[in-house]
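Notes follow the structure.
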């Protein structure tokens with residue numbers, strides 16, 4: 002893997018008014034990583050994801066994408082940087098009134114000048130990548146939970162992003178479907194060369210797909226750098242080991 006930073010977080014503090022969610026976050030996501038942001042409920046994982054995705058400004062610090070300072074950039078440059086990212090929200094966040102094809106086509110229609118025929122080709126390709134070939138005309142309500150997740154992933158990949166940010170991919174899924182989604186995430190990293198940031202508390206996913214990680218501690222409101230989660234099970238800080246081995250004792 003190329004070790005050049007794809008994302009660099011510097012001195013980041015996330016807060017709601019006077020309440021500090023997480024403070025003094027510093028970490029680097031390298032090209033080709035599947036980087037896991039982990040921690041228990043309420044520790045600030047999704048809040049951090051929103052800062053990475055350009056959806057919520059931090060109280061302090063910044064996020065750099067390939068060296069570009071996002072939160073101190075102009076609105077035009079922020080929009081340009083954001084097109085490098087694809088985001089899969091926890092519930093899929095699909096438009097219920099649109100078919101799968103229309104959901105995936107939406108960013109292509111909005112941000113490219115591709116013809117309608119070419120958009121249809123790209124949409125079919127993206128859906129096929131996530132195992133939904135032939136499902137173009139289905140509506141979100143007609144899909145299982147796992148299929149909605151995969152459809153959300155297809156839409157996140159619509160503009161061929163360099164970086165995918167995925168929020169709680171296994172939430173609400175049965176173990177078998179969750180593992181299949183983990184396999185899909187690894188396949189996409191390998192086949193597309195994407196850098197992937199995954200927000201999760203699911204142990205099986207963390208240990209299966211994570212190449213590097215941080216642990217957000219709800220007690221101290223800051224992070225513990227953990228590196229590869231598999232190594233952290235053995236040699237990581239005690240609090241991280243307890244988190245990664247809960248239920249295994």
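Numbering (the working numbering), first residue to last: 2 to 250.
Every residue gets a Cβ at the ideal spot worked out from N, C-alpha and C, and that includes glycine.
In whole angstroms, what is the alpha-carbon distance linking residue 186 and residue 196? Locating residue 186 in the chain shown gives position 185, where the first residue counts as 1. Locating residue 196 in the chain shown gives position 195, where the first residue counts as 1. Going from the Cα of residue 186 to the Cα of residue 196 covers about 10 Å.
Three or more C-beta pairs under 8 Å: does that hold for the stretch 149–156 against the stretch 166–186? When Cβ pairs closer than 8 Å are counted between the two stretches, the stretch 149–156 is seen to touch the stretch 166–186, the count reaching three or more.
Residues that residue 15 bridges to, as DSSP identifies them: As a working note, residue 15 is residue 14 in the chain shown. The partner list for residue 15 (beta bridge, DSSP) reads 23.
Return the CA-CA distance between residue 97 and residue 103, expressed in angstroms with no decimal places. Numbered from its first residue, the chain shown carries residue 97 at position 96. Numbered from its first residue, the chain shown carries residue 103 at position 102. The C-alpha of residue 97 lies about 10 Å from the C-alpha of residue 103.
Can you pull the DSSP bridge partners for residue 89? Walking along the chain shown from the start, residue 89 turns up at place 88. For residue 89, which the question treats as bridged, DSSP gives the partners 167.
Nearest to residue 213 (by Cα), restricted to the options 237, 220 and 193: Residue mapping note: residue 213 aligns to position 212 of the chain shown, counting from 1. Scanning 237, 220 and 193 for the CA closest to the CA of residue 213 turns up 237.
When the Cα of residue 234 is compared with those of 204, 180 and 224, which residue comes out closest? Mapped onto the chain shown, residue 234 falls at position 233. Closest by alpha carbon: 204.
Using the three-state DSSP reduction, which class does residue 257 fall into: helix, strand or coil? Residue numbering for the chain in the displayed model covers 2 to 250; residue 257 lies beyond these limits and cannot be assessed.
Hey, which unbroken runs of the alpha helix (DSSP H) at 4 residues or more fall wholly within the stretch 95–180? Runs of the alpha helix (DSSP H) inside the stretch 95–180: 101–112, 117–130 and 146–157.
Just to confirm, are residue 10 and residue 16 a CB contact at a threshold of 9 Å? Within the chain shown, the letter at position 9 stands for residue 10. Within the chain shown, the letter at position 15 stands for residue 16. At least 9 Å separates the beta-carbon of residue 10 from that of residue 16.
Does residue 75 come out as helix, strand or coil in the three-state DSSP assignment? One-based indexing of the chain shown puts residue 75 at position 74. Coil at residue 75, not helix or strand.
Where residue 32 falls: helix, strand or coil (DSSP): Position 31 of the chain shown holds residue 32. Here residue 32 sits in coil by DSSP.
Once DSSP output is grouped into helix, strand and coil, what is the label at residue 205? Indexing the chain shown from 1 puts residue 205 at position 204. Residue state, collapsed to three classes: helix.
Kindly indicate which three-state DSSP category residue 84 falls into: helix, strand or coil? Counting from one through the chain shown, the residue named residue 84 turns up at place 83. In this structure, residue 84 counts as coil in the three-state DSSP scheme.
From this set, 164, 245, 219 and 146, which residue's C-alpha is nearest residue 36's C-alpha? As a first step, residue 36 must be located in the chain shown, where it is residue number 35. Taking only the C-alpha atoms, the option nearest residue 36 is 164.
Secondary structure of residue 67, DSSP reduced to three states: Residue 67 sits at position 66 when you count from the first residue of the chain shown. Here residue 67 sits in coil by DSSP.
Helix, strand or coil for residue 246 per DSSP? By 1-based counting over the chain shown, the position of residue 246 is 245. Looking at residue 246 - three-state DSSP - the assignment turns out to be coil, as it is neither helix nor strand.
What number of angstroms, rounded off, separates the C-alpha of residue 56 from the C-alpha of residue 232? As a first step, residue 56 must be located in the chain shown, where it is residue number 55. As a first step, residue 232 must be located in the chain shown, where it is residue number 231. Roughly 32 Å separates the two Cα atoms.
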